[in-house]
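Going by this note's numbering, the sequence shown opens with residue 23, and the numbers climb by one from there. Below is one structure, written out as structure tokens; the observations come after it.
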Amino acid sequence: MEAAKPNPTANRSGVNMFYINCFLAVLAGTLIPLQAGINSKLREYLSSPYYATLISVTVSLIAVGLFCLIARLPLPAQTTITSAPAWAWTGGIVGVIYIFMVLLLAHKLGATALIAGIIGGQMICSLILDQFGLIGFAQHPLNPGRIVGIVLLIAGVALIQKY
């Protein structure tokens, strides 16, 4: 299977959408430490990472529910819903585990070390998903450049935690 590559010449209205999408990904990334800090403060006030996670996920559910109502998005057909593989329903569980872990670690590590560790974990998992083309990702074989990149990222995490 050939690896999917970004098409830097794909323009929409004269603007390179690949770079706009990369910028939006960076913008989305800025929300991760904000979420960690906000949820960590909620954990502190509630004296419970469990209830802080519950409230965070409940607020998320309400927000996306309101968005769907306001946008008047149609419900998916039952056949569409039941055709999804069983593992596709576990994303919410993964999200809850992520929020809970961040709530436990944010105040212990600080924002920079926490996010560096998260990024390191994301990169390792991403390399595995890409290597084998798991859960719908295109297959991108491991190569020396990717290995050097992950080693540098882990070294960066170690430096951030040391200093």
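For glycine and all other residues, C-beta sits at the position ideal for the given N, C-alpha and C. Treat the numbers as computed from the prediction; the structure is a model and nothing was measured.
In whole angstroms, what separates the C-alpha of residue i from that of residue j?
i              : j                 : result
cysteine 90    : glycine 59        : 27 Å
cysteine 194   : isoleucine 121    : No answer is possible for residue 194: the residues shown for the chain start at 23 and end at 185.
proline 98     : valine 179        : 42 Å
leucine 46     : methionine 145    : 19 Å
threonine 101  : leucine 83        : 23 Å
isoleucine 169 : leucine 88        : 43 Å
alanine 85     : proline 166       : 43 Å
tyrosine 41    : threonine 75      : 34 Å
glycine 114    : alanine 50        : 18 Å
threonine 112  : tyrosine 67       : 29 Å
tryptophan 109 : phenylalanine 154 : 16 Å
asparagine 43  : threonine 52      : 14 Å
valine 173     : histidine 129     : 26 Å
glycine 171    : leucine 131       : 23 Å
tyrosine 185   : tyrosine 72       : 31 Å
isoleucine 103 : alanine 93        : 20 Å
proline 107    : valine 48         : 30 Å
Is any heavy atom of the ligand SAM found at a distance shorter than 7 Å from the C-beta of residue i?
i                 : result
phenylalanine 122 : Although the ligand SAM was asked about, the structure shown includes no ligands whatsoever.
Taking 8 Å as the limit between beta carbons, can you name the residues of its chain near residue i, skipping five residues before and five after?
i          : result
valine 124 : Gln57, Ala58, Asn61, Ser62, Leu136 and Ile140
valine 81  : none
Should residue i and residue j be called a contact, given that it needs their Cβ atoms to be closer than 8 Å?
i             : j           : result
valine 79     : valine 118  : yes
isoleucine 77 : leucine 95  : no
alanine 133   : proline 55  : yes
leucine 149   : leucine 127 : no
Give every residue of the same chain whose Cβ lies closer than 7 Å to the Cβ of residue i, excluding the five residues on either side of it in the sequence, and list them in chain order.
i              : result
leucine 151    : Ile157 and Phe159
isoleucine 176 : Gly142
serine 69      : none
CB-CB under 6 Å to residue i, same chain, minus the five flanking residues each way: which ones, in chain order?
i              : result
methionine 23  : Note that methionine 23 has pLDDT 48, beneath the 50 cutoff, so the model's placement of it is unreliable and the number below is only indicative. Gln161.
isoleucine 182 : Thr134, Ala135 and Ala138
At 4 residues or longer, what runs of the alpha helix (DSSP H) sit wholly inside the segment 52 to 109?
71 to 92 and 100 to 104
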